[in-house]
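In numbering that gives the first Met the number 0, the protein residues as written are 0 to 609.
Ideal Cβ placement from N, Cα and C applies to all residues, glycine included.
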Amino acid sequence: MSETTPVTTPELDAPEPAELFNFTDGRFVKDEEHELAKRHREFNITELARRAARVMNADRCLSIKKLPDGQYNRVLLLALDNGKEVVAKIPNPNAGQPHFTVASEVATMKFAREVLNTDLPEVYDWCSRAEETSVGAEYILMEKMEGVELDHVWPDMAVEDRLEVVKAIAAYQLPWASVSFEQYGSLYFAEDLKEENLPALVYADDQGRRVEDPRFVVGPTTSRDTFDDGRGDIDFDRGPWSSLEEYHVAIGKREIACVQHVPHIPQSSVTLRGPGLYEPTREKKLTALECYLKLLKYLIPADRSLGSSHLWHGDLHAGNIFVDPRKPTRIVGLIDWQSIELSPLYFHADLPRFIEHDGPKLQGLERPDLPPDYDDLEDDAKKAADSLYWDQGLCAMYRLIVHLKMPKVFDCFKFEQSEAFHFISVPRSMLVAGEAYYLAQACELEKEWDTIPGAQDVVFPLTFTTSERQTIEQDRESFVLAFRAMDIIKKKLGKSLPNSGYVPKDEHKEVVDALAQATDEQSIVVSNLAIGVKREETEIPSKLISLRHVSVFGSGCESTSFTEKDESDMCDAEKEVLGGYQDFGILCNDEKHRDLLAGPEFDEEIEDDE
Numbered sequence: 000m001s002e003t004t005p006v007t008t009p010e011l012d013a014p015e016p017a018e019l020f021n022f023t024d025g026r027f028v029k030d031e032e033h034e035l036a037k038r039h040r041e042f043n044i045t046e047l048a049r050r051a052a053r054v055m056n057a058d059r060c061l062s063i064k065k066l067p068d069g070q071y072n073r074v075l076l077l078a079l080d081n082g083k084e085v086v087a088k089i090p091n092p093n094a095g096q097p098h099f100t101v102a103s104e105v106a107t108m109k110f111a112r113e114v115l116n117t118d119l120p121e122v123y124d125w126c127s128r129a130e131e132t133s134v135g136a137e138y139i140l141m142e143k144m145e146g147v148e149l150d151h152v153w154p155d156m157a158v159e160d161r162l163e164v165v166k167a168i169a170a171y172q173l174p175w176a177s178v179s180f181e182q183y184g185s186l187y188f189a190e191d192l193k194e195e196n197l198p199a200l201v202y203a204d205d206q207g208r209r210v211e212d213p214r215f216v217v218g219p220t221t222s223r224d225t226f227d228d229g230r231g232d233i234d235f236d237r238g239p240w241s242s243l244e245e246y247h248v249a250i251g252k253r254e255i256a257c258v259q260h261v262p263h264i265p266q267s268s269v270t271l272r273g274p275g276l277y278e279p280t281r282e283k284k285l286t287a288l289e290c291y292l293k294l295l296k297y298l299i300p301a302d303r304s305l306g307s308s309h310l311w312h313g314d315l316h317a318g319n320i321f322v323d324p325r326k327p328t329r330i331v332g333l334i335d336w337q338s339i340e341l342s343p344l345y346f347h348a349d350l351p352r353f354i355e356h357d358g359p360k361l362q363g364l365e366r367p368d369l370p371p372d373y374d375d376l377e378d379d380a381k382k383a384a385d386s387l388y389w390d391q392g393l394c395a396m397y398r399l400i401v402h403l404k405m406p407k408v409f410d411c412f413k414f415e416q417s418e419a420f421h422f423i424s425v426p427r428s429m430l431v432a433g434e435a436y437y438l439a440q441a442c443e444l445e446k447e448w449d450t451i452p453g454a455q456d457v458v459f460p461l462t463f464t465t466s467e468r469q470t471i472e473q474d475r476e477s478f479v480l481a482f483r484a485m486d487i488i489k490k491k492l493g494k495s496l497p498n499s500g501y502v503p504k505d506e507h508k509e510v511v512d513a514l515a516q517a518t519d520e521q522s523i524v525v526s527n528l529a530i531g532v533k534r535e536e537t538e539i540p541s542k543l544i545s546l547r548h549v550s551v552f553g554s555g556c557e558s559t560s561f562t563e564k565d566e567s568d569m570c571d572a573e574k575e576v577l578g579g580y581q582d583f584g585i586l587c588n589d590e591k592h593r594d595l596l597a598g599p600e601f602d603e604e605i606e607d608d609e
């Protein structure tokens with residue numbers, strides 16, 4: 000981009016520098032000075048405005064508006080004198096590795112836009128090296144996404160419209176599931192890593208054809224797993240990797256390096272710490288990670304396509320999905336492509352965040368049901384049952400669509416329910432949480448070893464002395480007490496529980512007071528829990544401590560249509576599943592809604608027309 004175009008910046012309407020450089024949308028209840036420092040980024044406001052005007056062929060920038068603060072980036076809206084607007088994204092220090100984070104995000108967006116046909120903002124200009132730009136910071140200037148965030152319209156959407164959005168998201172995911180890569184890591188433009196002398200990107204397209212694209216390379220991962228909780232300061236192998244085994248081994252070695260070298264073990268938000276409760280140690284975490292490395296090769300699925308490398312947007316909450324306000328069922332684009340990793344398909348297979356819900360979760364092709372005593376419930380209880388029914392129903396519909404359109408992803412859903420998946424997924428966050436239960440499960444695994452598909456005729460690779468088993472069992476019990484204690488505290492706090500320590504400004508005092516009261520009650524909670532706890536009462540489903548379910552304080556769809564599938568082409572199992580949805584409409588007084596979720600009509604709903 001030419002630097003010679005004259006651009007003026009008189010009368011720039013912009014917030015004060017302190018507002019632009021700092022996180023101002025809320026407070027933190029713990030280590031606030033440190034948390035704010037991680038989100039403080041200075042830059043040259045005038046030069047950013049000039050750059051935006053130059054890129055958009057304007058004479059000058061009229062105004063800069065600060066958009067709501069995210070946890071990792073400063074996002075600004077710049078209005079220009081030619082009527083155009085552009086979004087500026089400037090990463091905070093906590094966003095990831097300098098240079099790599101921005102360079103990978105831009106390359107990922109280009110590949111997703113041009114190869115995977117995903118609607119997302121066009122990048123107009125960017126710089127991943129702060130020292131090379133007059134702006135004085137890394138930045139991305141990109142298209143302002145038309146439309147509104149889905150979370151603005153979702154609460155008022157009818158059931159059938161919500162289903163259309165779910166179908167549209169699945170349509171976006173179809174090419175993500177169909178294109179696989181030969182390596183694991185993150186995407187970059189080849190010119191940004193030319194000193195690394197990496198091979199050109201190779202991938203298999205949706206027809207299985209091998210494609211070599213010299214514009215891109217696979218380089219070091221920018222996944223948040225490799226930066227958060229102090230990992231960014233530790234030296235370890237960040238890739239790229241050429242095989243699934245290399246990828247998984249690197250996870251174990253990464254966590255080992257971090258456990259050994261971080262100044263302090265991070266505090267987990269899933270367990271309470273205190274007298275009588277589980278106390279994590281570096282030694283216990285290292286023991287668990289050594290077990291992982293010994294078990295690994297027997298636990299990776301024999302069907303290696305489940306672990307093939309894919310690009311996936313893993314943070315599809317309603318704020319990252321933009322829809323047409325006049326037709327909210329039409330998605331106009333997806334935002335936030337930062338920290339995307341080419342990783343195994345089974346780590347991508349999950350419900351989109353915007354349809355996740357509280358309460359019991361369905362698995363496989365299960366469908367929701369009402370409580371047997373539904374007719375006898377009070378009105379409030381009926382409303383709660385109705386809400387859960389529809390939440391579960393939407394998830395069940397998504398799973399059915401995946402089953403019919405992306406069978407490999409559905410196979411990953413099934414694999415995720417296995418012991419093997421638990422043992423290869425939990426170690427990703429072992430620095431923070433999971434070692435006590437992991438070791439307890441490892442001891443139990445010996446009894447079921449011959450049921451593991453990859454372990455046939457193989458001697459169980461772990462050995463534990465009687466003393467070690469006793470210690471592991473004691474740790475498991477104290478871990479469960481700590482887990483339950485934290486769960487009770489969370490329920491008492493309710494909405495006052497801070498997310499990642501963050502709270503809105505006007506709620507800061509209320510939350511601090513609530514936390515203080517909860518701390519005062521901690522010993523009572525622990526004492527009550529410790530009385531009469533039986534072995535069977537200390538069982539926690541492994542899903543509760545898998546990475547996805549543990550917080551550790553991560554133009555529209557018409558261009559990608561589903562191919563029509565006639566009922567005659569369906570297997571008996573698929574017909575049975577579709578037929579099973581005939582009772583989906585029993586909650587609706589509205590005949591239109593009952594029809595929507597009836598078997599044959601639902602069959603038509605999940606088949607998009609060209």
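Roughly how many angstroms lie between the CA atoms of residue i and residue j, to the nearest whole one?
| i | j | result |
| --- | --- | --- |
| S62 | L11 | 5 angstroms |
| E443 | H347 | 28 angstroms |
| N386 | M405 | As written in the sequence, residue 386 is Ser, which differs from the Asn given in the question. One C-alpha to the other measures close to 28 angstroms. |
| A51 | K64 | 13 angstroms |
| K83 | D224 | 37 angstroms |
| E445 | F412 | 25 angstroms |
| Q172 | T45 | 40 angstroms |
| D621 | A106 | Here the chain covers residues 0 to 609 and nothing more, so residue 621 does not appear. |
| K279 | M156 | The question names Lys, but residue 279 is Pro in the sequence shown. Straight-line Cα distance between these residues: approximately 45 angstroms. |
| K491 | V510 | 12 angstroms |
| T132 | R253 | 33 angstroms |
| K407 | D205 | 13 angstroms |
| F235 | E18 | 36 angstroms |
| N21 | D30 | 16 angstroms |
| R38 | P154 | 31 angstroms |
| V28 | V431 | 19 angstroms |
| S241 | Q337 | 22 angstroms |
| D68 | T464 | 52 angstroms |
| S222 | A167 | 26 angstroms |
| Y183 | L341 | 5 angstroms |
| N196 | V217 | 11 angstroms |
| P14 | R40 | 15 angstroms |
| P16 | A249 | 42 angstroms |
| D228 | Y501 | 16 angstroms |
Quick check on residue i: buried or exposed, where buried means 16 or more other Cβ atoms within 10 Å of its Cβ?
| i | result |
| --- | --- |
| R398 | buried |
| S428 | buried |
| V458 | exposed |
| Q455 | exposed |
| P367 | buried |
| Q440 | buried |
| H57 | Correcting the residue identity first, residue 57 is Ala in this sequence and not His. Buried: at least 16 other Cβ atoms inside 10 Å. |
| Q391 | buried |
| P599 | Per-residue confidence for P599 stands at a pLDDT of 41, beneath the threshold of 50, marking its modelled position as unreliable; no derived number is given. |
| A287 | buried |
| G363 | exposed |
| H402 | buried |
| S179 | buried |
| R49 | buried |
Would you grab the beta carbon distance between residue i and residue j for me? Rounded to a whole angstrom, and I think it's under 8 angstroms.
| i | j | result |
| --- | --- | --- |
| G318 | Y345 | In fact, because the Cβ distance is near 26 angstroms, the residues do not count as touching under 8 angstroms. |
| F478 | Y277 | 4 angstroms |
| E418 | E447 | 7 angstroms |
| A102 | Y202 | So it is not a contact: roughly 19 angstroms between Cβ atoms. |
With DSSP as the reference, label residue i as helix, strand or coil.
| i | result |
| --- | --- |
| Y501 | strand |
| S222 | coil |
| P16 | helix |
| P452 | helix |
| H247 | helix |
| N21 | coil |
| W336 | coil |
| N319 | helix |
| F215 | strand |
| K491 | helix |
Any heavy atom of the ligand NAD within a distance shorter than 7 angstroms of the CB on residue i?
| i | result |
| --- | --- |
| H402 | Judged by which ligands are present, the structure shown has none, so any question about the ligand NAD falls away. |
Is the segment 321-329 close to the segment 184-193, with three or more CB pairs under 8 angstroms? no
Next on the checklist: Does the structure place the segment 419-426 close enough to the segment 290-297 that three or more beta carbon pairs sit under 8 angstroms?
Outcome noted: yes
- Query: Do three or more CB pairs link the segment 244-261 to the segment 133-150 at distances below 8 angstroms?
  - Reply: no
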